[in-house]
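Residue numbers (my numbering), protein chains in the order written: chain E, 1 to 172; chain X, 173 to 274. For every residue, glycine included, the Cβ atom is placed at its ideal position computed from N, Cα and C.
Below you can see the structure in the form of structure tokens.
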């Protein structure tokens, strides 16, 4: 099982190194999603299946989609279609697809040998995580909800279009 | 050798954090800076998970949930700032925002 961890770690490091060296934002996002999937596999191998699922659903599923939305919004215009075609050329998605294929093979190996493979680290079940989260950490959960509310209000305030008279007032 | 040693997990977390830090320092595009901050937060979460697996406690995973929450809030505000900057200056260069007034 250590070899699975090492392969996933290598994929994560390579994908992350490619993220910070890409020129194109969409290519960097593709590699970052692969890096997050590798991290999810590492979490699973470390005995944290609940967090591994959340990594895929929340990080790769929600936060990255937010990034993709913004990157696409920044490039609206007559050149958008042609640019999108250029972004998603086969050479662009071949790299992330190859790295993701390695991870898929690893997941397939783990699932196929589900009986024979004993997990390297004993898994901490979601029940225990939930009991800890809503037991000793209850105050922190409330603080996190306040943080999310502040983020919501802040994003709405920054993202709304300025009204006409407000813009005139600020420019004056 | 069946057990994943704690040192390996912490080493991976350190490498990923360093990569994110390099990204923040080197890149001037604000979208890439936000991505690098996400990389660093993720590496910190990996360190928590590794420690939680080492001592078989659920606290590490709970802390990762809080990091996840903070990352979501940070991304929402950060991307709103990106849109605002792009709307105002037609650029994503972080240096263009170095002379803000008020």
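key: chain E residues whose Cβ lies nearer than 7 Å to that of residue 231 of chain X   = 132
message = Please return the same chain residues whose Cβ sits closer than 6 Å to the Cβ of residue 189 of chain X, not counting the five positions on each side in sequence.
response = Excluding the 5 residues flanking it on each side, residue 189 of chain X has same chain C-beta neighbours closer than 6 Å at 212, 215, in chain order.
ask   = Would residue 182 of chain X count as contacting chain E if we go by Cβ distances under 8 Å?
value = no
query = Cα separation between residue 203 of chain X and residue 256 of chain X?
reply = Going from the Cα of residue 203 of chain X to the Cα of residue 256 of chain X covers about 13 Å.
request  = Tell me whether residue 27 of chain E is buried or exposed, calling it buried when 16 or more other Cβ atoms sit within 10 Å of its Cβ.
outcome  = Taking all protein chains shown into account, residue 27 of chain E has 16 or more neighbouring C-beta atoms within 10 Å of its C-beta and is therefore buried.
ask   = Taking only beta-carbon atoms, is residue 100 of chain E less than 8 Å away from chain X?
value = no
query = Would DSSP call residue 201 of chain X helix, strand or coil?
reply = strand
ask   = Using 8 Å as the threshold, is the region 193-210 of chain X in touch with the region 90-104 of chain E, meaning 3 or more CB pairs across them?
value = no
ask   = How would you label residue 62 of chain E, buried or exposed, when you count the other beta carbons within 10 angstroms and need 16 or more for buried?
value = exposed
request  = Between the Cα of residue 185 of chain X and those of X/194, X/175, X/219, X/177, spot the shortest distance and give me the residue it belongs to.
outcome  = X/219
key: residue 189 of chain X: contacting residues in chain E (beta-carbon distance under 7 Å)   = Neighbours of residue 189 of chain X on chain E: none; closest Cβ ~10 Å, over 7 Å.
request  = Report the three-state DSSP secondary structure of residue 173 of chain X (helix, strand or coil).
outcome  = Because the pLDDT at residue 173 of chain X is just 43, under 50, the model does not fix this residue reliably, and the point stays unresolved.
task = Would you verify that the beta carbon of residue 217 of chain E is, or is not, closer than 8 Å to some beta carbon of chain X?
result = No statement about residue 217 of chain E is possible, as the shown extent of chain E runs from 1 to 172 and does not include it.
Proximal chain X residues relative to residue 5 of chain E, where beta-carbon distance stays under 9 Å = 176, 180, 181, 184
request  = Check whether the Cβ of residue 16 of chain E lies closer than 8 Å to any Cβ atom in chain X.
outcome  = yes
ask   = Is it buried or exposed for residue 134 of chain E, if we count other Cβ within 10 angstroms and need 16 for buried?
value = That one is exposed.
message = Please list, in chain order, the chain X residues whose beta carbon lies closer than 9 Å to that of residue 94 of chain E.
response = The premise fails here: residue 94 of chain E is roughly 21 Å from chain X at the closest Cβ pair, so nothing lies under 9 Å.
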